[in-house]
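Here the structure comes first, spelled out in structure tokens, and everything after it is commentary.
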Amino acid sequence: MDKKSLKAPEKLKVLFTIVQREKVDFYLDILETFEVNVQNVIYGKGTAPSQLYHLGIGDISKAVIISFVREDKIKEILSTLEERFYKTKNGKGIAFTVPISSLIGVTVYQLLSNKNLNKEGE
């Protein structure tokens with residue numbers, strides 16, 4: 000393989016999306032439309048003080064969706080989530096990303112990024 004044809008892999012980020020528990024399937028479906036290949040859901044209870052009720056996150060039954068996404072899709076995903084947070088009845092939530100600084104293994108990267116790095120024809 001020619002060194003000039005090599006391309007650096009796209010960076011990945013971890014997307015955390017915190018939503019009401021009963022809306023978790025709705026948001027999982029939205030994330031799947033962006034080729035998010037790996038998602039984990041953790042169920043929990045929030046402990047927000049009453050001052051946060053005005054933000055629409057007063058219900059204590061929460062779900063945290065942990066997704067691995069390519070950096071090139073982050074803006075579009077966050078924009079879509081923000082729109083859904085505003086337009087969906089009882090669909091308020093919080094979403095933020097954390098960069099992944101390193102990853103070991105091509106296969107792991109391919110799984111997390113939903114991208115095949117093999118040459119064409121192989």
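Per numbering that gives the first Met the number 0, the sequence shown starts with residue 0, numbered consecutively.
All residues carry an ideal CB built from backbone N, CA and C; glycine is no exception.
These numbers come from a predicted model, not from an experiment.
Start and end residues, beta strand (DSSP E) containing residue i
i, result
"LEU14", "11-19"
"PRO98", "92-98"
Span of the alpha helix (DSSP H) around residue i
i, result
"ILE29", "23-31"
"LYS61", "From DSSP, LYS61 is part of no alpha helix (DSSP H) but of the beta strand (DSSP E) over 60-69."
"LYS74", "73-86"
Cβ-based burial, residue i [other Cβ within 10 Å; buried from 16]
i, result
"VAL107", "exposed"
"VAL35", "buried"
"LYS88", "exposed"
"SER112", "buried"
Coil, strand or helix - residue i by DSSP
i, result
"VAL40", "strand"
"VAL107", "helix"
"SER112", "helix"
"GLU121", "Note on GLU121: pLDDT 43, under 50, position unreliable in the model; no value is reported."
Three or more C-beta pairs closer than 8 Å, one from the segment 15-24 and one from the segment 92-101: is that the case here? yes
So, do the segment 20-33 and the segment 95-102 have three or more beta carbon pairs nearer to each other than 8 Å? no
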